[in-house]
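Asker: What follows is a structure written as structure tokens; I'll ask about it next.
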Amino acid sequence: MDHKSHFDLSQATQTWLSQLEQRGTFTKDDLRELQSHLLDGMDALQATGLSQQEAFLVATHRVGPLDVLAEEFGKLDRPAQPQRESVLLLLGVISFMLVKNTVEMVSECGAVALARYLGDSFLTSLLDMSLSLLLLCSLSVGVSRWFNESGLVRSWLFTQLNQRPIRLIIGMTVLLGGSALGAYLGHHQFEALVTKTSTERWTHSEFGHVHGLFWLGFYLVWLLMLFQVAIGYLSAGSQTLLTWLRQASLGWLLVAGLGLFSCCLGISIMGMRILAPVDGTPHFYVSAGLSGLLSALVLSRSLHYSFLTRLLVSVTPLLIWYLLALGTTVPFEEKPSRLLEDLFPVKFIISGLVGGLIGLFLGSLSNRRPVSI
1 MDHKSHFDLS QATQTWLSQL EQRGTFTKDD LRELQSHLLD GMDALQATGL
51 SQQEAFLVAT HRVGPLDVLA EEFGKLDRPA QPQRESVLLL LGVISFMLVK
101 NTVEMVSECG AVALARYLGD SFLTSLLDMS LSLLLLCSLS VGVSRWFNES
151 GLVRSWLFTQ LNQRPIRLII GMTVLLGGSA LGAYLGHHQF EALVTKTSTE
201 RWTHSEFGHV HGLFWLGFYL VWLLMLFQVA IGYLSAGSQT LLTWLRQASL
251 GWLLVAGLGL FSCCLGISIM GMRILAPVDG TPHFYVSAGL SGLLSALVLS
301 RSLHYSFLTR LLVSVTPLLI WYLLALGTTV PFEEKPSRLL EDLFPVKFII
351 SGLVGGLIGL FLGSLSNRRP VSI
């Protein structure tokens, strides 16, 4: 039985051309010339008995590495091409605002519609949480698929950018204007709903907390997307966010860990306000444990650091955050700070250590190899 996977020459060629196009040093004529050269080389190789896939791999190797081609074509003396980075940045900002306005319109209009037809009920809150979660999961899956299966999409985008840049920008701007109007109307109605639930003392009035948590997740997804785009651009698409973190220096790892803990803290605070809206400190311990666990999981595949170093890297951002919080809040508080009471720093660091140890243990299990000490 033939177990060979099907090879799509058209898609492979488009992906190869889009990777060349993203270098920004090739004109349309350059790309057509390289594609013609590639196909001619494939024909000659297939005549010797190679399969289509084998001929493609050999032909692309003979044409040359992408970075070398970009460097050589960039040395050619020809009229300067307009830089696309500024246009791409503009399109990125427009895309972000377009998605944000659309999601805001759907989520807030959905909450208003649910409250209007179902009133003050548990089902209203449950459906509103479900809608917010569905939107956030859809956005996360969409971003993930964009990075994993976006060769043809990127090729189409760069084609439109090269051939019809003004039309592309104007079209997206018109869509942005329509989405902004919808978001404004939706937000106005949502603010009226929050005011109504407060004045009428609704039993189920978690709309503000739910949507606050939702927007925190929304911005976190876009922040990860920004990091992924930046790392992919700087490494010519050869690295992802996780692979970069596993190879990054200790300084960058501490910065990333501090950001991770801040995100965990924000999510846990909002979540506990929904579940039990009382003042307390458990969310700090939960956030420390979760941050340590996630950091250790990411570092568990890193071969650059020992077990002890990985554990310290997972916990040190918590100590940095605690010292920063202590220095910025204690001098301005009249009553004793909770950061100094009830053995808070000890419990806080121990929570991070426990999370880090669990993360390293789970990582060693997934790697199926002993952790080097």
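In terms of full-length UniProt numbering, the sequence shown is residues 1 to 373. Glycine included, every Cβ here is placed at the ideal spot set by N, Cα and C.
Is it right to say residue 137 is buried, meaning 16 or more other beta carbons lie within 10 angstroms of its own, or is it exposed?
Answerer: For the purposes of this step, residue 137 is identified with residue 137 of the sequence shown, where counting begins at 1. Classification of residue 137: exposed, given that the 10 Å Cβ count is below 16.
Asker: Ends of the alpha helix (DSSP H) at residue 322?
Answerer: In the sequence shown, the residue the question calls residue 322 occupies position 322. That run of the alpha helix (DSSP H) goes 307 to 329.
Asker: Output the distance between the C-alpha atoms of residue 363 and residue 201, rounded to the nearest integer angstrom.
Answerer: Taking the first residue of the sequence shown as position 1, residue 363 is located at position 363. Taking the first residue of the sequence shown as position 1, residue 201 is located at position 201. So the two alpha carbons sit approximately 48 Å from each other.
Asker: Give me, in chain order, the residues of the same chain whose beta-carbon lies closer than 7 Å to that of residue 80; leave out the 5 immediate sequence neighbours on both sides.
Answerer: Within the sequence shown, numbered from 1, the residue matching residue 80 stands at position 80. At residue 80, the pLDDT of 43 sits below 50, so the modelled position is not reliable; the number obtained from the coordinates is stated separately. Cβ within range, chain order: n/a, list empty.
Asker: Leaving aside the five residues before and after residue 182 along the sequence, list all residues of the same chain whose C-beta is less than 6 Å from its C-beta, in chain order.
Answerer: Translated into positions along the sequence shown, residue 182 becomes position 182. Cβ within range, chain order: 105.
Asker: For residue 315, which option in 345, 349, 304 has the closest C-alpha, if you only look at C-alpha atoms?
Answerer: Numbered from 1 along the sequence shown, position 315 holds the residue referred to as residue 315. Out of 345, 349, 304, 349 has the C-alpha closest to the C-alpha of residue 315.
Asker: Rounded to the nearest angstrom, what separates residue 252 and residue 318 at their Cα positions?
Answerer: Position 252 of the sequence shown, counted from the start, is the residue given in the question as residue 252. Position 318 of the sequence shown, counted from the start, is the residue given in the question as residue 318. Cα to Cα, residue 252 sits roughly 15 Å from residue 318.
Asker: Considering residue 30, what are the terminal residues of the alpha helix (DSSP H) in which it resides?
Answerer: Position 30 of the sequence shown, counted from the first residue, corresponds to residue 30. Per DSSP, residue 30 belongs to the alpha helix (DSSP H) from 28 to 47.
Asker: Could you tell me if residue 300 is buried or exposed, where buried requires 16 or more neighbouring beta carbons within 10 angstroms of its beta carbon?
Answerer: As a first step, residue 300 must be located in the sequence shown, where it is residue number 300. Classification of residue 300: buried, given that the 10 Å Cβ count is 16 or more.
Asker: Please say whether residue 289 and residue 354 have beta carbons closer to each other than 8 Å?
Answerer: As a working mapping, residue 354 is identified with position 354 in the sequence shown. As a working mapping, residue 289 is identified with position 289 in the sequence shown. Cβ atoms of residue 354 and residue 289: closer than 8 Å.
Asker: Is the CB-CB distance between residue 359 and residue 294 below 8 Å?
Answerer: Along the sequence shown, one-based indexing puts residue 359 at 359. Along the sequence shown, one-based indexing puts residue 294 at 294. Yes.
Asker: Use the C-beta contact count for residue 198: other C-beta atoms within 10 angstroms, 16 or more gives buried, fewer gives exposed.
Answerer: As a position in the sequence shown, residue 198 is number 198, starting the count at 1. Exposed, because fewer than 16 other Cβ atoms sit within 10 Å of the Cβ of residue 198.
Asker: Using DSSP with H/G/I as helix, E/B as strand and the rest coil, what is residue 252?
Answerer: On the sequence shown, residue 252 is found 252 positions in, with the first residue counted as 1. Helix.
Asker: Which residues in the same chain as residue 313 place their Cβ atom closer than 8 Å to its Cβ, once the five residues preceding and following it in sequence are excluded?
Answerer: In the sequence shown, the residue the question calls residue 313 occupies position 313. Excluding positions up to five away in sequence, the list reads 250, 253, 254, 257, 295, 299, 305.
Asker: Go through the region 81 to 148 residue by residue and report every complete run of the alpha helix (DSSP H) that reaches 4 residues or more, in order.
Answerer: Taking only runs of at least 4 residues, the alpha helix (DSSP H) segments lying wholly in the region 81 to 148 are 85 to 118, 122 to 148.
Asker: For a quick check, are the C-beta atoms of residue 56 and residue 17 less than 8 Å apart?
Answerer: Translated into the one-based positions of the sequence shown, residue 56 becomes position 56. Translated into the one-based positions of the sequence shown, residue 17 becomes position 17. No, the pair does not count as a contact, with Cβ atoms beyond the cut-off.
Asker: Would you kindly check if the distance between the Cβ of residue 112 and the Cβ of residue 193 is under 8 Å?
Answerer: As a working note, residue 193 is residue 193 in the sequence shown. As a working note, residue 112 is residue 112 in the sequence shown. Yes, they are a contact pair.
Asker: Residue 65 lies in the alpha helix (DSSP H); which residues open and close that run?
Answerer: Here residue 65 is taken as the residue at index 65 of the sequence shown, counted from 1. No alpha helix (DSSP H) holds residue 65; DSSP gives it neither H nor E.
Asker: Is the distance from the Cβ of residue 58 to the Cβ of residue 69 below 8 Å?
Answerer: Taking the sequence shown and counting its residues from 1, one reaches residue 58 at position 58. Taking the sequence shown and counting its residues from 1, one reaches residue 69 at position 69. For residue 58 and residue 69, no; Cβs fall outside 8 Å.
Asker: Please classify residue 40 as buried or exposed, where buried requires at least 16 neighbouring CB atoms within 10 angstroms.
Answerer: Position 40 of the sequence shown, counting from 1, holds the residue named residue 40. That one is exposed.
Asker: Comparing alpha-carbon positions, which option in 216, 245, 178 lies nearest residue 228?
Answerer: Taking the sequence shown and counting its residues from 1, one reaches residue 228 at position 228. Closest by alpha carbon: 245.
Asker: According to DSSP, is residue 283 helix, strand or coil?
Answerer: Taking the sequence shown and counting its residues from 1, one reaches residue 283 at position 283. DSSP places residue 283 in helix when its eight states are reduced to three.
Asker: With distances taken Cα to Cα, identify the nearest neighbour of residue 205 among 128, 321, 176.
Answerer: Against the sequence shown, residue 205 aligns to sequence position 205. Nearest of 128, 321, 176 to residue 205, Cα basis: 128.
Asker: Work out the CA separation of residue 126 and residue 115 for me, nearest whole Å.
Answerer: Start at 1 with the first residue of the sequence shown, and residue 115 comes out as number 115. Start at 1 with the first residue of the sequence shown, and residue 126 comes out as number 126. Computed Cα separation, rounded: 11 Å.
Asker: For residue 98 versus residue 42, is the C-beta distance shorter than 8 Å?
Answerer: As a working mapping, residue 98 is identified with position 98 in the sequence shown. As a working mapping, residue 42 is identified with position 42 in the sequence shown. In this structure, residue 42 does not lie closer than 8 Å to residue 98 by Cβ.
Asker: Which of helix, strand or coil does DSSP assign to residue 197?
Answerer: Within the sequence shown, numbered from 1, the residue matching residue 197 stands at position 197. Residue 197: helix per DSSP, three-state reduction.
Asker: Count the other CB atoms, across all protein chains shown, that sit within 10 Å of the CB of residue 247; report buried if there are 16 or more and exposed otherwise.
Answerer: Here residue 247 is taken as the residue at index 247 of the sequence shown, counted from 1. When all chains shown are included, residue 247 counts as exposed.
Asker: Measure from the alpha carbon of residue 361 to the alpha carbon of each residue in 12, 346, 343, 308, then state which is nearest.
Answerer: Reading the sequence shown from its first residue, position 361 is the one you call residue 361. When each option's Cα is compared against that of residue 361, the closest is 308.
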